[in-house]
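Participant: If you read the sequence shown in the working numbering, its first letter stands for residue 1348, the second for the next number, and so on.
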Amino acid sequence: MNEWLEKEPHFWAACDSKSSTSYLYYDFNMDPVEFAQELYDKKGVLVCHGECFEQDKSFRIGYGFGDAEYFKAGLAEISSFVKELESEGRI
């Protein structure tokens, strides 16, 4: 996760995680429910949107049930989704 975050300027972790999930924030103007739903609809990546925690511009992400390659693939899809948002002028 930390390696991915270093390459993704729009995201940062709320804190260092010592568990199977992390809580991330983003800097673009998109509702967290919309972000999570669109990410799932377009890329098949499921995250828990920040509205569940009364937090704007954020989401919780799990580490892929211990499967590192599955998790890395999900992060790559998030990156791809953000690039699409950028190309559409939404970021």
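Here a beta-carbon is modelled for each residue, glycine too, at the ideal position from N, C-alpha and C.
Compute the beta-carbon to beta-carbon distance between F1412 and C1395, rounded to the nearest angstrom, for a pair I have assumed lies under 8 Å.
Facilitator: With a Cβ gap of about 15 Å, F1412 and C1395 do not count as contacting.
Participant: Does the segment 1351 to 1361 come close enough to the segment 1376 to 1390 to have 3 or more Cβ pairs within less than 8 Å?
Facilitator: no
Participant: Where does L1371 land, buried or exposed, given buried means 16+ other C-beta within 10 angstroms?
Facilitator: By the C-beta density criterion, L1371 is buried, having at least 16 other C-beta atoms within 10 angstroms.
Participant: Give the C-beta separation of G1391 and E1424 to the nearest angstrom, bearing in mind that I take them to be a contact with Cβ-Cβ under 8 Å.
Facilitator: 7 Å
Participant: Quick one: what's got a C-beta closer than 7 Å to F1418's C-beta in the same chain, skipping five residues either side?
Facilitator: Y1410 and G1411
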